[in-house]
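Residue numbering for the sequence shown follows this note's numbering, starting at 8 and increasing by one per position. Cβ coordinates follow ideal geometry from the N, Cα and C atoms, glycine included. Have a look at the structure below before the remarks.
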Amino acid sequence: MQPKRLFFSLLLLPFAAEADPINQANTAWILTSTGLVLFMTLPGLSLFYAGLVRSKNVLSVLMQCFAITCLVSILWLAGVYSLIFANGGDYQKLIGGFSKAFLPGISTASQVGDLPETVYFMFQMTFAIITPALIVGSFAERMKFSAMLWFSGLWLCLVYVPICHWIWGGGWLAELGVLDFAGGIVIHVNAGVASLVAALVIGRRRGFPTTAMPPHNMTMAVTGAGMLWVGWFGFNAGSALTADGRAGMALLVTHVGAAAGALTWMVIEWRRFGKPSVLGIVTGMVAGLGTITPASGYVGPFGALVIGVVAGAVCFFATQYVKRTLKIDDSLDVFPVHGVGGITGSLLTGVFASGSFGGLGLAEGVTIGSQVGVQALAILVTMAWSAFFSFLLLKLIDKFVGLRVTADEEVQGLDQVLHEETGYVNL
Numbered sequence: 008m009q010p011k012r013l014f015f016s017l018l019l020l021p022f023a024a025e026a027d028p029i030n031q032a033n034t035a036w037i038l039t040s041t042g043l044v045l046f047m048t049l050p051g052l053s054l055f056y057a058g059l060v061r062s063k064n065v066l067s068v069l070m071q072c073f074a075i076t077c078l079v080s081i082l083w084l085a086g087v088y089s090l091i092f093a094n095g096g097d098y099q100k101l102i103g104g105f106s107k108a109f110l111p112g113i114s115t116a117s118q119v120g121d122l123p124e125t126v127y128f129m130f131q132m133t134f135a136i137i138t139p140a141l142i143v144g145s146f147a148e149r150m151k152f153s154a155m156l157w158f159s160g161l162w163l164c165l166v167y168v169p170i171c172h173w174i175w176g177g178g179w180l181a182e183l184g185v186l187d188f189a190g191g192i193v194i195h196v197n198a199g200v201a202s203l204v205a206a207l208v209i210g211r212r213r214g215f216p217t218t219a220m221p222p223h224n225m226t227m228a229v230t231g232a233g234m235l236w237v238g239w240f241g242f243n244a245g246s247a248l249t250a251d252g253r254a255g256m257a258l259l260v261t262h263v264g265a266a267a268g269a270l271t272w273m274v275i276e277w278r279r280f281g282k283p284s285v286l287g288i289v290t291g292m293v294a295g296l297g298t299i300t301p302a303s304g305y306v307g308p309f310g311a312l313v314i315g316v317v318a319g320a321v322c323f324f325a326t327q328y329v330k331r332t333l334k335i336d337d338s339l340d341v342f343p344v345h346g347v348g349g350i351t352g353s354l355l356t357g358v359f360a361s362g363s364f365g366g367l368g369l370a371e372g373v374t375i376g377s378q379v380g381v382q383a384l385a386i387l388v389t390m391a392w393s394a395f396f397s398f399l400l401l402k403l404i405d406k407f408v409g410l411r412v413t414a415d416e417e418v419q420g421l422d423q424v425l426h427e428e429t430g431y432v433n434l
């Protein structure tokens, strides 16, 4: 089956009139993938981000990721899942319906395709959890905890829901044939743009860029990065929703993309600054993973290698430009790594999905140029929607709740100020 037709078939799973018998192999794999994707946030992303901030803010980052996981899980049950994946009737192109809010009538026999609906519900939830958690890296060390909760919950409903429905829930971008296998647009472009807007609205940390703010614990950061790499196999290969060759190929190209991105970043940094850094190689790995994500179900090993190399180079220079030239304090480089990586990977998907480059092939009658055009449209729509509503939400929250801690509180550190705890005790 060609990739586009496969993707459409997966999109329409929630609307199937008659479900196939539950496939135990597929169910076992998606159960495993669900655990892997949740592992990416708790503890992977949590430790990665926590290691990169200063020691006085380590607990605040861990707390934010943990709280977002809990908040999104409840919102997902209350209606977010339904608005994305339930049939929206006359409004299906734009939004889903409320028929699955709080999962009325769900049982162990309920199915989505050949999967139990409980498993499909949980798998898709883990994607919704990690997306706002990624944005935490842009405003780390200076946003109020209450403001973070309001922003994360509202952003999920107003930004993630429609974009996810348009692409994965059978909406208008899906009908145009956009290819986003595991979230290059839905997650990385979406969260990356929101992160850039958040960094601009909330402003720089005190002392940036003249005061050095190195990671306080690289061991913690590398441990978290390793967990992200492992968990990403569930993220990408799990998105096949099957335990077959498609999942195997997605896993293979994910690994190649990560390795190529890491080595490319390392080499560029080595030549530019004289030494390869641990922070550089793990950041390149994350860039490679984010960039291969939209393409993972459509490209072959050669395409993955090229995408990974491009990811390492493009994201490296994007990070340097945002931080050093524009002096935007996106604290943990969410936009230049995830946002730029997602944009790059989504465009290259339209190229390397072609059979002429070793991909699984575009749909009949679709050229590389036309597919790249659809990809670009989806990216631009996502960027505009995410930027507008992220800005609006941040301004409203700032007016009614306040976004940022005071200067004195920021100097003291969010761990003590917001939680009356410290990550480390001096014995």
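Pick from the options that is closest to residue i, judged by C-alpha positions
{"i": "L421", "options": "G349, E371, K63 and W392", "result": "K63"}
{"i": "T332", "options": "F215, P221, Y56 and I37", "result": "F215"}
{"i": "V208", "options": "T76, V60, H223 and F395", "result": "F395"}
{"i": "A385", "options": "I192, D336 and G268", "result": "I192"}
{"i": "V341", "options": "W239, L54 and H195", "result": "H195"}
{"i": "V73", "options": "A140, W236, A232 and A244", "result": "In the sequence as presented, Val is not what sits at residue 73; that position holds Phe. Minimum Cα distance to F73 is reached at A140."}
{"i": "F109", "options": "L84, G103, L90 and V229", "result": "L84"}
{"i": "F323", "options": "V347, T138 and L355", "result": "V347"}
{"i": "I404", "options": "V237, A35 and F158", "result": "F158"}
{"i": "L270", "options": "G112, G372, G315 and R61", "result": "G315"}
Alpha carbon of residue i to alpha carbon of residue j, nearest angstrom
{"i": "V412", "j": "L165", "result": "25 Å"}
{"i": "K151", "j": "D27", "result": "48 Å"}
{"i": "S246", "j": "A198", "result": "19 Å"}
{"i": "G177", "j": "T226", "result": "42 Å"}
{"i": "L296", "j": "A318", "result": "9 Å"}
{"i": "L401", "j": "Y167", "result": "15 Å"}
{"i": "S397", "j": "W162", "result": "7 Å"}
{"i": "A254", "j": "L248", "result": "8 Å"}
{"i": "L434", "j": "H426", "result": "Reliability fails at L434, whose pLDDT of 45 lies under 50, so the model's placement of it is uncertain and no value is given."}
{"i": "Q118", "j": "V432", "result": "50 Å"}
{"i": "M292", "j": "S145", "result": "19 Å"}
Proximity below 8 Å, CB of residue i to CB of residue j
{"i": "I299", "j": "G352", "result": "yes"}
{"i": "A189", "j": "P301", "result": "yes"}
{"i": "V143", "j": "G430", "result": "no"}
{"i": "I335", "j": "A154", "result": "no"}
{"i": "W186", "j": "Q382", "result": "For the record, residue 186 in the displayed sequence is Leu; it is not Trp. It is a contact, given that the beta carbons lie within the stated cut-off."}
{"i": "G365", "j": "F280", "result": "no"}
{"i": "T217", "j": "P123", "result": "no"}
{"i": "G51", "j": "G238", "result": "yes"}
{"i": "V388", "j": "I375", "result": "no"}
Simplified DSSP state of residue i, which is helix, strand or coil
{"i": "L110", "result": "coil"}
{"i": "A23", "result": "Here the model assigns A23 a pLDDT of 44, short of 50, so the residue's position is not dependable, and the following value carries that caveat. Coil at A23, not helix or strand."}
{"i": "R212", "result": "coil"}
{"i": "R411", "result": "strand"}
{"i": "V373", "result": "coil"}
{"i": "S338", "result": "coil"}
{"i": "D251", "result": "coil"}
{"i": "M220", "result": "coil"}
{"i": "Y305", "result": "coil"}
{"i": "G268", "result": "helix"}
Go through the segment 156-181 residue by residue and report every complete run of the alpha helix (DSSP H) that reaches 4 residues or more, in order.
-> Qualifying alpha helix (DSSP H) stretches, in chain order: 168-175.
Tell me the start and end of each unbroken alpha helix (DSSP H) in the segment 102-150 that is at least 4 residues and wholly inside, in chain order.
-> Runs of the alpha helix (DSSP H) inside the segment 102-150: 124-142.
Could you tell me which uninterrupted beta strand (DSSP E) segments, each at least 3 residues in length, are contained entirely in the segment 380-431, listed from first to last along the chain?
-> Complete beta strand (DSSP E) runs here, min 3: none at all.
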